[in-house]
Amino acid sequence: MKHKVTVVRVLFLGLFVFLLAQGKMMLWLGLFGVSLLAALLFGRVYCGYVCPMNTIMIPANWIAKKLNIQKQESPKWLKDGYFAWITLIVSVVAMILSKRFLKINLPILPIWLILAALITLRYKPSVFHNLICPFGAPQKLFGRFARKSKTVDKATCIGCKLCEKVCPSDAIVVVDKDKKAVINTALCHQCTNCQQICPKSSIHYS
Numbered sequence: 001m002k003h004k005v006t007v008v009r010v011l012f013l014g015l016f017v018f019l020l021a022q023g024k025m026m027l028w029l030g031l032f033g034v035s036l037l038a039a040l041l042f043g044r045v046y047c048g049y050v051c052p053m054n055t056i057m058i059p060a061n062w063i064a065k066k067l068n069i070q071k072q073e074s075p076k077w078l079k080d081g082y083f084a085w086i087t088l089i090v091s092v093v094a095m096i097l098s099k100r101f102l103k104i105n106l107p108i109l110p111i112w113l114i115l116a117a118l119i120t121l122r123y124k125p126s127v128f129h130n131l132i133c134p135f136g137a138p139q140k141l142f143g144r145f146a147r148k149s150k151t152v153d154k155a156t157c158i159g160c161k162l163c164e165k166v167c168p169s170d171a172i173v174v175v176d177k178d179k180k181a182v183i184n185t186a187l188c189h190q191c192t193n194c195q196q197i198c199p200k201s202s203i204h205y206s
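Here the numbering used here is used: the first residue of the sequence shown is 1, the next is one more, and so on.
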């Protein structure tokens with residue numbers, strides 16, 4: 001399953017690069033818009049499989065861990081959770097103003113692609129995913145109401161916390177009260193990391 005997920009991500013990254021080269025980024029933004037509606041049904045599948053930033057962040061995170069340069073704590077000034085909406089508003093305004101006054105299409109997506117990789121070299125992926133990413137903010141809002149999502153079978157969960165360690169968005173937490181894993185649908189990227197590592201096969205998409 002891991003290899004299939006990787007192939008899907010690489011294919012979407014290739015599509016992103018192709019559209020970027022063709023100067024058709026509006027098509028990608030259209031895809032993002034459709035993904036918000038899909039998130040109401042299937043969760044944040046865009047973040048887990050389609051987003052080029054997430055695909056680039058995976059090797060960046062691996063490099064950061066190998067070099068031991070990554071901080072585990074997120075900056076305190078980000079923890080109120082509003083900064084991602086600010087970056088979204090600034091990005092949209094910058095695109096509109098550059099188009100109107102400078103007569104250029106600001107490459108906002110490639111800019112955020114680079115920023116995502118650089119930030120991940122310094123902080124764990126969940127910092128960018130949950131607190132900075134302008135595209136993650138609306139995905140989080142729509143994903144909160146997903147009809148289908150990763151869920152945990154509490155009858156078989158043993159609270160080993162392996163799922164916590166592999167989740168890129170800190171969406172899954174073992175609650176101290178009953179020692180069972182709980183998944184936050186608003187944060188979950190619907191990837192298969194937790195599902196693959198669970199020794200009891202307690203995590204399912206349903």
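Just so it is clear, CB atoms sit at the ideal spot from N, CA and C, and this is done for glycine as well. Small disclaimer: the values here were computed from a predicted structure and weren't measured.
Would you decide whether residue i is buried or exposed? Buried here means 16 or more other CB atoms lie within 10 Å of its CB.
{"i": "Trp112", "result": "buried"}
{"i": "His189", "result": "buried"}
{"i": "Pro168", "result": "buried"}
{"i": "Ala21", "result": "exposed"}
{"i": "His204", "result": "exposed"}
{"i": "Phe101", "result": "exposed"}
{"i": "Gly33", "result": "exposed"}
{"i": "Phe18", "result": "exposed"}
{"i": "Asn130", "result": "buried"}
{"i": "Lys150", "result": "buried"}
{"i": "Gly23", "result": "exposed"}
{"i": "Thr185", "result": "buried"}
{"i": "Tyr49", "result": "buried"}
{"i": "Arg147", "result": "exposed"}
{"i": "Leu187", "result": "buried"}
List the endpoints of the continuous beta strand (DSSP E) containing residue i.
{"i": "Lys150", "result": "150–152"}
{"i": "Ala208", "result": "As shown, the chain starts at 1 and ends at 206. That puts residue 208 outside it, with no answer to give."}
{"i": "Ile172", "result": "172–175"}
{"i": "Ile158", "result": "No beta strand (DSSP E) contains Ile158, which DSSP labels as neither H nor E."}
{"i": "His204", "result": "203–205"}
Which residues in the same chain have their Cβ closer than 7 Å to the Cβ of residue i, if we skip the five residues on either side of it in sequence?
{"i": "Phe145", "result": "Leu40"}
{"i": "Ser74", "result": "Tyr123, Val127, Leu131"}
The alpha helix (DSSP H) that contains residue i, what's its start and end?
{"i": "His3", "result": "2–21"}
{"i": "Ile56", "result": "52–67"}
{"i": "Ile197", "result": "193–197"}
{"i": "Trp28", "result": "25–42"}
{"i": "Ala137", "result": "136–143"}
Tell me, please, whether the stretch 27–44 touches the stretch 80–91 by the rule of three or more beta-carbon pairs shorter than 8 Å.
As far as the Cβ criterion goes, the stretch 27–44 does not touch the stretch 80–91, which means the pair count is below three.
Between the stretch 68–77 and the stretch 105–123, do three or more beta carbon pairs fall short of 8 Å?
Enough Cβ pairs lie closer than 8 Å, so yes.
Can you list, in chain order, the stretches of the beta strand (DSSP E) that have 3 or more residues and sit fully within the stretch 85–120?
Correct list: empty.
Does the structure place the stretch 192–204 close enough to the stretch 132–145 that three or more beta carbon pairs sit under 8 Å?
With a cut-off of 8 Å, the stretch 192–204 and the stretch 132–145 do not count as touching, because too few Cβ pairs lie within range.
If you pair each beta-carbon of the stretch 53–63 with each one of the stretch 4–13, do three or more pairs fall below 8 Å?
Yes: the two stretches touch, three or more of their Cβ pairs being nearer than 8 Å.
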